[in-house]
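Chemist: Dropping a structure here in C-alpha cells format, bear with me for questions.
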Amino acid sequence: MIRFAWQVPFGEFSLKLDPLNLIFLLSIAVVTLCAGLYAGSYMRAYRGVRSLAAHAFFFSVLILSLVLVVTANHVLLFLGAWELMAVATYFLIIFHEEKNSVRRSGFLYLIATHCGTFCLLAMFFLMAQAAGSMDFDRIAATAFSPAAASVIFILALLGFGVKAGFFPLHIWLPHAHPAAPSHVSALLSGVAIKIGIYGLCRIIAIVPTLPDWCGYFLLMIGVVSGLMGVLYALGQHELKKFLAYHSVENIGIIALGLGVGLLGRTHQQPFIAALGFAGGLFHVLNHSLFKALLFFSAGAVMRKTGTGAIDQMGGVAKLMPWTSGLFLIGALSICGLPLFNGFVSEFFVYFALFQGLLLFPLKSAAFCAIGILSLALMGCLALACFTKVYGIVFLGEARNPDVVTSTRSPQDRGLDLPAGMFFPMLVLAGLCIWIGLCPWFIARLTWQAGTYLTAVNPAFISGQKIFSALGQVIAVSFGLLGIMTMVLLFQRIGSRIAALPRRETWRCGFSGFTPRLQYTAASFARSILECLKTILVFRKTGSAVLGEFPARVSLASGVHDAAEDFVFRPFYGRLRDLAKGIQKNRLRYTQVYLIYILFFLVFLIVLKFR
Amino acid sequence: MLLLKSIVLQWLYVGLMAPFLCGVIIKTKALVVGRVGPPLFQPFYDLLKLTRKQNVYSQTTTFIFRCAPVVVLSSLLILSLFIPLISQPAPIRFAGDILMFVYLLGIGRFFLIASSFDTGFSFAGMGASREAFFSCFTEVAFFMNLIILALLAQSISLSQMIGASTPLSWPLFGPALILVVSSLFLILLAENGRIPVDDPATHLELTMIHEVMILDYSGRDLAAMLYGAMLKFLIFAGILVPLLVPVRLGQAFPDLLVFTAGLIAIAVLVGIIESIMARLRLNRVRHLLLAAFALAFFGFIVTLWSRL
C-alpha cells in the first residue's frame, strides 16, 4: 500500500492506493487504453467533418477523473472528481449532437447523474458530520450508530445505484449507450458504471458496522437487476440497447456477489465474505473486458451495415469473419461459459452462495438459495440472448440486402475492419481467454481486495479451498481443449473422402425460400417473453395474416421498460405539472424577489444572533 | 497415472454403455407394442455407418456449423468423467464441480443453438428457440435439486451429493429424496428430448426440438451429435442411479453391475413411458417443467423443515 498526500489551496488533496481500487484502476487502464486506440481509427471517418478536439479533450478529462475518483481519499476531492467525470461523460455522449434523440439521451444522463450526486452529498454530509472530518481514513475509524449506518447505506444505494444502473434506477443506460459513439459506450459500460460499484464498495469498506438487512437488500437488488436486465435485453432488437441492458444484468451479478459478501461479514464467516466480495470484484474486471469487446465489435458491425436493428441483418459473418469471431469470444465470455473469463468470476459468486447455503443460519441460507436459482436463470437467459444476437446478426443469410451487402469473396482472408480497430479488440479477446485459462494473477488480486473488504486480518482467512477448486476448474478446461483437439482430429484426419461440394440447406423439400423467411430475433425471444408477460410489459402491434388472400400486414413486438414507463415518466410528469402550476401563479415582479432576498437575510441574521 | 487409468476405464464403460442404453430404449418400445424391433446393438451399427459417410455442408453455413459437433461431443465426453460409477469415484471430482457440470452443458447448448441458426432455416430456428426456452426451466429446476442435495450431503461435490460412496439415507431423508428423484427424472426426460417433451422418433412430423436442430448435419458430424445425445442420456441417468440404489457392496465389480442394472432399468422405464404416452402439446411442456421445479421446491421446503 502506498500513501502520499500533499497540500493544495482548497482543502486536502490526498490519494491512496489499496487492494480495492487496484482492481478498478486495472480495468480503467486496460479499457481506456483500448478505447483510445479504437477511437483513433473509429473517429477517422469524422475527420474534417467536425471538430474532434473537444471530443479528445473530454476523453482525456474522463480518464483523469476516473483515476481521481477511485484513488481519492478525501470527500471533497472525491465529489469534485465525480462531477468532473459526469460532465466529461455528458460531452462524450452528445458527440452526435445534431440528432435530437442524442441530445435528449445526454440530458437524461445528466439529470440521472445529478440526482445521484444529490444523494451522495447528503450521505457524505452525514458521514462527515459524524466523523468530524472529511478524510476517508478518519471516517473509517468512526463508529456509526446502526440508524446512521442504515441511512448512509440507503443513500449510497440511491446515489451510486444511479451510476451503476441498479434495476429501477437504470433508465439512463439504454438511452445513453446507443446515443454515444461505440468507444464511448464501451467506456460507459465497461468502466463508468463500475465507478458506482466502486463507491458502494468504498462505503462497505469504511462503514464496517452495516446492519444485517443491508446484505439481504443488496442480494435482492442483485437478483432483481440481474433478472430484469437480462429479460429486457432479450426483448431488445437494437444491438447497442441490447448490450446496455446486459450491463444491468452484469451489475446484478456483481451486486449478488457483494451482497453475499456482506451477509458473510455480518454472520462472522470471513471466508464466505472474502469470496463473495472477490467474486463481485472479479466480475467487475471481467465485465469491463468483455463488454468493451462486445461494444467495439458492435460498433464495427454498425459502421459496416449502417444500422443497429438486429432483425435487418443476417450473414454478417461472411462479410466480417474476424469481427464475428471476436464477437463470439465476447458472447461466450459474457454467458459465463468455461474456457472464458466470465465463468471464473461466476464460479466465485456461485461458490460463495453455496458455502452460504451450507454454513449460514436458516434465513440467510434461504436467501442464498434464491441467489443461486436466479444466477442459474440469468445464465440460461443470457445464453438465449447471445445465441439470439450472434445467430441473427452473424449467421444465416442476409435478411435485407440493402443493409448487408456482400462484396467479400470467400477466398479473401484479410482483415474486415481497420487495423486500429482490430488490434484493441484482439487484446481484449486475448485477455478474456487468458483470464479464463490462467486466472491466478487476477484471482489473487481480487482475493486480496475481498479480504480487504472483509475487515478481518487477512492472515486469518485461508483461500486454499477456492484456489484448489479453481485449479481443478482450470485442469478440466485444459482437458476440454485437449478432447476438442482429439475429436477434431478424428473428424478430419480419419475421413477417407473429402466433403461433398456445398449444397443448399435442406429445407424439408420446401422450395419457395427467401432469406426473409428466416427466424427472427423477435420470434426467437417470443416464447420466453410471452411466458413472462405478467411481469414484463410485452406489447405486440400489428395484426396476424388472415383469410385466403391476405392483405399486407406488419407485426412488431417488443418489451417496454416498466421502470421508465410506469415509474419515472409519470413521476416526472407530475413534477413538471407542479412546477408549471407554480410558474403560473407566481408574481412576476423583480421587486418582489428582492423583498424575498431581504426577508431571507433578516431571517439568517436573527438565526445567527438568537 | 492412476487418474489416467481411471479416465480410460470410465470412457470405455461410458462409451460402450451410451449407445447400448439407446438400443435398450428402442427395443423396449418395440416389445411393448409387440414388434421384434432392431437388435440391441443397432445404435452402434448406425454410428459406424455414419462415420463412413461424407459430410454435406450447406452454402449458408460458416465455421460455427463445423465447430458445433466438436464442442458438443467434447463437452459431453468430459462431462461423462464427472459421473461416479457408484463406489468407483468419478475421475473428476472437486468442490464446486456441479457448477462446471452445468456450464459445460451450457457451452454445448450455445454451439448447438448457434449452429441451427447457421443453417438459415426457420424450422431449425424454431427448434433453437424451444431449446433455449425449455432449458431455462430445466436448469433452474436442476439447480433447485442441487441445492437440496447439497444441504442433505453437506457438500458441493457431485460425487458426494448423490451419495456415490456412502448412499444418502432413505429412512432419514425419504420424503425429500422422493421429490428430488421424481424431479430429476422429469429433467432427464426434458434435457434429452424424450416423450412427453419431445418425440425423438422422427425428423419432421412429430419432432420439435433436438432432432430439428441437427437436421442439416450429415456423416461424421451427425454421428458426433447423435453420440453426444446418447452420452447425455447416460450422464443424467448416471446421476439418478446412485440416488435410487441404496446398496453399496464396496467392491468395484459388483457395484458396477448394480450401476449397470440401474441404468438399464431407467432406460426401460423411459421406453415404457414413450410407448404409453403421446408427446405433450408444446405450450403445455412448460407446465410439466414447472412441475419438475415445484417438486424440487417442495423438497427444498421439506429439507429446510427438517433442519429447523
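Chains as they are written, first to last, in the working numbering: chain A, 93 to 702; chain B, 278 to 585. Even glycine gets a Cβ: it sits at the ideal position worked out from N, Cα and C. Note that the coordinates shown come from a computational prediction; the quantities given were computed from them, not determined experimentally.
1) Could you please tell me which residues of the stretch 364-387 of chain B, in chain order, have their CB closer than 8 Å to any CB of chain A?
2) Going by DSSP in three states, B/L293 sits in which element: helix, strand or coil?
3) Entirely within the stretch 161-238 of chain A and at least 4 residues each: give me those alpha helix (DSSP H) ranges in chain order.
4) Using a Cβ-Cβ cut-off of less than 7 Å, give me the residues of the stretch 616-636 of chain A that come near chain B, in sequence order.
5) Span of the beta strand (DSSP E) holding A/R631?
6) Where A/H262 and A/F478 are concerned, what is the direct C-alpha to C-alpha distance, given to the nearest angstrom?
7) According to the Cβ coordinates, are B/R561 and B/T443 closer than 8 Å?
8) When DSSP labels each residue in this structure, what does B/L324 get in the three-state scheme?
9) Measure the C-alpha to C-alpha separation of A/M93 and A/Q540 and round it to an integer number of angstroms.
10) Suppose you measure from the CA of B/I360 to the CA of A/F435; what does that come to, to the nearest Å?
11) In the DSSP assignment, find the beta strand (DSSP E) that holds A/S106 and state where it starts and stops.
12) Under 8 Å, do A/I464 and A/L449 count as touching if we go by C-beta distance?
13) Determine the chain B residues that contact A/Y442 at a beta-carbon separation under 8 Å, and present them in chain order.
14) Check this for me: beta carbons of A/P430 and B/Y504, under 8 Å apart or not?
15) Can you list, in chain order, the residues of its chain whose CB lies under 7 Å from that of A/P101, leaving out five sequence neighbours each side?
16) Please classify A/R644 as buried or exposed, where buried requires at least 16 neighbouring CB atoms within 10 angstroms.
17) Is it right to say A/I560 is buried, meaning 16 or more other beta carbons lie within 10 angstroms of its own, or is it exposed?
18) Which of the three DSSP states is assigned to B/R343 in this structure?
19) Report yes or no: do three or more beta-carbon pairs, one from the stretch 461-471 of chain B and one from the stretch 505-521 of chain B, lie closer than 8 Å?
20) Between the Cα of A/P510 and those of A/I120, A/F658 and A/Y130, spot the shortest distance and give me the residue it belongs to.
21) Return the CA-CA distance between A/L475 and B/P316, expressed in angstroms with no decimal places.
22) For the stretch 398-414 of chain A, which residues have a beta carbon sitting closer than 9 Å to at least one beta carbon of chain B?
23) Using a C-beta to C-beta distance shorter than 9 Å, which residues of chain A count as neighbours of B/R563?
24) Can you give the beta carbon distance from A/A490 to A/V496, rounded, assuming they're within the 8 Å contact cut?
25) Distance check for A/L667 and B/E416, CA to CA, integer angstroms please.
26) Report the rounded CA-to-CA distance for A/R608 versus B/T339, giving the unit in angstroms.
27) By Cβ distance below 7 Å, which residues in the same chain neighbour B/L521 in space, the five residues on each side in sequence not counted?
28) If I'm right that B/A569 touches B/I439 with Cβ under 8 Å, what's the distance once you round it to whole angstroms?
29) Could you tell me whether the Cβ atoms of B/A571 and B/T328 are closer together than 8 Å?
30) Do A/F432 and A/P516 count as a contact pair if the criterion is CB distance below 8 Å?
31) In chain order, what residues of the stretch 357-381 of chain A put their CB closer than 7 Å to some CB of chain B?
32) Thinking just about the alpha-carbon of each residue, which of A/V194, A/L250, A/R294 and A/G574 is nearest to the one in A/P270?
33) Using the three-state DSSP reduction, which class does A/H652 fall into: helix, strand or coil?
34) To the nearest whole angstrom, what separates the beta carbons of B/L423 and B/I369, a pair I think is in contact under 8 Å?
35) Quick one: list the residues of chain B neighbouring A/G471, beta-carbon separation under 9 Å, in chain order.
Modeler: Quick answer:
1) I369, F371, A372, G373, D374, L376, M377, V379, Y380, L381, G383, I384, R386 and F387
2) Taking the second sequence and counting its residues from 1, the one referred to as residue 293 of chain B is at position 16. Looking at B/L293 - three-state DSSP - the assignment turns out to be helix.
3) 167-185, 192-223 and 228-232
4) F616, S619, I620 and C623
5) Taking the first sequence and counting its residues from 1, the one referred to as residue 631 of chain A is at position 539. It spans V629 to G634 - the beta strand (DSSP E) in which A/R631 sits, taken as one unbroken run.
6) In the first sequence, counting from the first residue as 1, residue 262 of chain A sits at position 170. In the first sequence, counting from the first residue as 1, residue 478 of chain A sits at position 386. Going from the Cα of A/H262 to the Cα of A/F478 covers about 21 Å.
7) One-based indexing of the second sequence puts residue 561 of chain B at position 284. One-based indexing of the second sequence puts residue 443 of chain B at position 166. For B/R561 and B/T443, no; Cβs fall outside 8 Å.
8) Residue numbering aside, residue 324 of chain B sits at position 47 when the second sequence is read from its first letter. Three-state DSSP puts B/L324 in a helix.
9) As a working mapping, residue 93 of chain A is identified with position 1 in the first sequence. As a working mapping, residue 540 of chain A is identified with position 448 in the first sequence. Confidence at A/M93 is low in this model, with a pLDDT of 46, below 50, so the placement of that residue should be treated as unreliable; the coordinate-derived value is given next. Whole-angstrom Cα-Cα distance: 12 Å.
10) As a first step, residue 360 of chain B must be located in the second sequence, where it is residue number 83. As a first step, residue 435 of chain A must be located in the first sequence, where it is residue number 343. One C-alpha to the other measures close to 21 Å.
11) The residue you call residue 106 of chain A lines up with position 14 of the first sequence. Run containing A/S106: E104 to K108, per the beta strand (DSSP E) assignment.
12) One-based indexing of the first sequence puts residue 464 of chain A at position 372. One-based indexing of the first sequence puts residue 449 of chain A at position 357. Yes, the pair counts as a contact, with Cβ atoms nearer than the cut-off.
13) As a first step, residue 442 of chain A is located in the first sequence; it is residue number 350 there, counting from the start. Those within 8 Å of A/Y442 in chain B are G373 and L376.
14) Translated into the one-based positions of the first sequence, residue 430 of chain A becomes position 338. Translated into the one-based positions of the second sequence, residue 504 of chain B becomes position 227. Going by C-beta atoms, A/P430 is not nearer than 8 Å to B/Y504.
15) The count along the first sequence starts at 1 and reaches residue 101 of chain A at position 9. Here the model assigns A/P101 a pLDDT of 48, short of 50, so the residue's position is not dependable, and the following value carries that caveat. Excluding positions up to five away in sequence, the list is empty.
16) By one-based count along the first sequence, residue 644 of chain A stands at place 552. Answer is exposed; the Cβ neighbour count stays below 16.
17) As a first step, residue 560 of chain A is located in the first sequence; it is residue number 468 there, counting from the start. One point to set straight first is that residue 560 of chain A is Ser, not Ile, in the sequence displayed. The residue in question, A/S560, is exposed, as its Cβ has fewer than 16 Cβ neighbours within 10 Å.
18) For the purposes of this step, residue 343 of chain B is identified with residue 66 of the second sequence, where counting begins at 1. Reduced to three states, the DSSP call for B/R343 is helix.
19) yes
20) One-based indexing of the first sequence puts residue 510 of chain A at position 418. Comparing Cα positions, the closest option is A/Y130.
21) Here residue 475 of chain A refers to the residue found at position 383 of the first sequence. Here residue 316 of chain B refers to the residue found at position 39 of the second sequence. Spanning the two alpha carbons is a distance of roughly 39 Å.
22) G406, G407, A409, K410 and P413
23) Position 286 of the second sequence, counted from the first residue, corresponds to residue 563 of chain B. Neighbours of B/R563 on chain A, chain order: S619 and C623.
24) By one-based count along the first sequence, residue 490 of chain A stands at place 398. By one-based count along the first sequence, residue 496 of chain A stands at place 404. Right, their Cβ atoms sit about 4 Å apart.
25) Here residue 416 of chain B refers to the residue found at position 139 when the second sequence is read from its first residue. Here residue 667 of chain A refers to the residue found at position 575 when the first sequence is read from its first residue. Spanning the two alpha carbons is a distance of roughly 44 Å.
26) As a first step, residue 608 of chain A must be located in the first sequence, where it is residue number 516. As a first step, residue 339 of chain B must be located in the second sequence, where it is residue number 62. If I take the Cα positions, the gap works out to 19 Å.
27) The residue given as residue 521 of chain B occupies position 244 in the second sequence. Counting only Cβ-Cβ distances below 7 Å, and skipping sequence neighbours, we find V458 and G539.
28) Position 292 of the second sequence, counting from 1, holds the residue named residue 569 of chain B. Position 162 of the second sequence, counting from 1, holds the residue named residue 439 of chain B. With 8 Å as the limit, B/A569 and B/I439 do not qualify as a contact, their Cβ atoms being about 17 Å apart.
29) Numbered from 1 along the second sequence, position 294 holds the residue referred to as residue 571 of chain B. Numbered from 1 along the second sequence, position 51 holds the residue referred to as residue 328 of chain B. Cβ atoms of B/A571 and B/T328: not closer than 8 Å.
30) Locating residue 516 of chain A in the first sequence gives position 424, counting from the first residue. Locating residue 432 of chain A in the first sequence gives position 340, counting from the first residue. Against a cut-off of 8 Å, the Cβ pair of A/F432 and A/P516 comes out as no contact.
31) none
32) In the first sequence, the residue the question calls residue 270 of chain A occupies position 178. Here the closest residue by C-alpha is A/V194.
33) By one-based count along the first sequence, residue 652 of chain A stands at place 560. DSSP places A/H652 in strand when its eight states are reduced to three.
34) Here the question's residue 423 of chain B lines up with position 146 in the second sequence. Here the question's residue 369 of chain B lines up with position 92 in the second sequence. Not confirmed; about 17 Å, so no contact.
35) Taking the first residue of the first sequence as 1, we reach residue 471 of chain A at position 379. What A/G471 touches in chain B: V379, Y380, G383 and E416.
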